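Data block below; observations after.
In this note's numbering, the protein residues as written are 14 to 399.
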């Protein structure tokens, strides 16, 4: 290939990396300040209708969309008469309990006009970080997407405290993107990206269209949170960027106040893209392979070893012996028939259940355990071979 052709190919790859339309699995985080009118505490219906149109257009092109939405407290406090003053933590949780119902209905009504089914999922940061709960949430969201629904994820403010205090839903969105191996995360904000300084205070601040690494210098550019319902600020967005690109997910900070914010971003509106060095599947494999201590060992037969080498999942039928005491979601070693370490992965079953189904066909799992779990003891996406 000539130097000119290589340059054109590189330019094309760079252009694709900055195009929203190239996403396959997209997470969109929506802040309270965009969704809720600050003066009235009501949902901006015209904005939500425009968002629904953008989501429908993206889905028509085969892009899976997950929405992470703030706004429950902002909406709920008005209906409980908690406006006009600073409210206590337990009042915020009560407001969230009321507001979550309002938000769910609003999203359902807006997306139903496009024939889209909505599913509400309540999560906390801890749900994304504890492996067993992580696997449960990941499995639920994967299934919803496979069935054609749009998961609308709300932070479960009725049972959490840290997220309410610190407004850290940007990081929650990044954890969700990491959890479901999304390739694109968009944080819709009240600013069109990252600047070298706070542009509200420094007229010489320069906009940064692309960031490839969140260095201490980049982190120092984060300003203070805006007033009103918005509470995250640039600091939490940069923390989210570190999580996202570490998981192989590119992330954009884009202005979201106007109608059709996603459509504008797809058309090339100014934003800041944070670009990872690898894709989500590669990043997940690195995480499994290098950062998790193993809690047990699965010994497999020659047939299973051949299947794994061909890129298949590990089925119960190929497991001959299980050592250790582990739970669902824990990392385990996989050993071949001669005791050689073949790799490591995340077990879909506890050691107790795995021992009961070892050597059996997947279709027998329900009869043995009394419930229908996964066909695989370790799915190929959760397995790293040496």
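Beta carbons: idealized from backbone N, C-alpha and C, even for Gly. The structure presented is a predicted model; accordingly, all values stated were derived computationally and were not measured.
- Counting other Cβ atoms within 10 Å of its Cβ, residue 381 stays below 16 and is therefore classed as exposed.
- Rounded to whole angstroms, the separation of the alpha carbons of residue 246 and residue 235 is 8 Å.
- By alpha-carbon distance to residue 185, the top candidate from 91, 323 and 44 is 44.
- Burial state of residue 51 is exposed, judged by a 10 Å Cβ sphere holding fewer than 16 other Cβ atoms.
- Going by C-alpha positions, residue 342 is about 6 Å away from residue 361.
- For the 7 Å CB-CB criterion, residue 307 and residue 344 form a contact.
- Within the same chain, and ignoring the five residues on either side of residue 79 in sequence, the residues whose Cβ sits closer than 6 Å to its Cβ are 40 and 164.
- Here DSSP, grouped into helix, strand and coil, assigns residue 264 to strand.
- In the three-state scheme derived from DSSP, where H, G and I count as helix and E and B as strand, residue 354 is classed as strand.
- Scanning its chain for C-beta atoms nearer than 7 Å, with the 5 sequence neighbours on each side dropped, one finds around residue 393 the residues 324, 325 and 326, in chain order.
- Under the three-pair Cβ rule at 8 Å, the region 279-295 does not count as touching the region 79-94.
- Pairing residue 32 with residue 272, the inter-Cα distance amounts to about 19 Å.
- The beta carbons of residue 114 and residue 134 sit about 15 Å from each other, so the pair does not count as a contact at 8 Å.
- By the Cβ-count criterion, residue 205 is buried, with 16 or more other Cβ atoms from all chains shown falling within 10 Å of its own Cβ.
- For the pair residue 257 and residue 190, the CB atoms are nearer than the 7 Å cut-off.
- Fewer than three beta-carbon pairs drawn from the region 50-66 and the region 213-230 are found closer than 8 Å, and the two stretches are therefore not classed as touching.
- In this structure, the straight-line span from the alpha carbon of residue 197 to that of residue 36 is close to 6 Å.
- In the three-state DSSP reduction, residue 334 falls in the strand class (E or B).
- Contact check for residue 354 against residue 331 fails: the beta carbons are separated by 7 Å or more.
- Counting only the Cα atoms, residue 374 lies some 44 Å from residue 67.
- Boundaries for residue 319: no beta strand (DSSP E) harbours it, while the alpha helix (DSSP H) harbouring it runs 315-322, taken from the DSSP string.
- Bounds of any beta strand (DSSP E) do not take in residue 90; it lies within the alpha helix (DSSP H) bounded by 85-92.
- As a beta-bridge residue in DSSP terms, residue 56 pairs with 49.
- For residue 132, the uninterrupted beta strand (DSSP E) segment begins and ends at 131-136.
- Look at residue 145 here: in three-state DSSP terms it is helix.
- Under the three-state reduction of DSSP, residue 206 is assigned to coil, being neither helix nor strand.
- Within the DSSP secondary-structure output, residue 287 pairs in a beta bridge with 224 and 264.
- For residue 76, no beta strand (DSSP E) run applies, since DSSP gives it neither H nor E.
- Residue 267 is positioned such that its CB atom lies closer than 7 Å to that of residue 278.
- Under the criterion of beta carbons closer than 8 Å, residue 229 and residue 261 do not qualify as touching, at roughly 22 Å.
- Rounded to the nearest whole angstrom, the C-alpha separation of residue 385 and residue 378 is 6 Å.
- With fewer than 16 other Cβ atoms inside 10 Å of its own Cβ, residue 215 counts as exposed.
- If you check the CB distance, residue 65 and residue 90 do not come in under 7 Å.
- Residue 203 and residue 269 have their alpha carbons spaced roughly 6 Å apart.
- For a cut-off of 8 Å, the C-beta gap from residue 253 to residue 366 is around 36 Å, too long to register as a contact.
- In this structure residue 346 is not in contact with residue 391, their Cβ atoms being roughly 11 Å apart against a cut-off of 8 Å.
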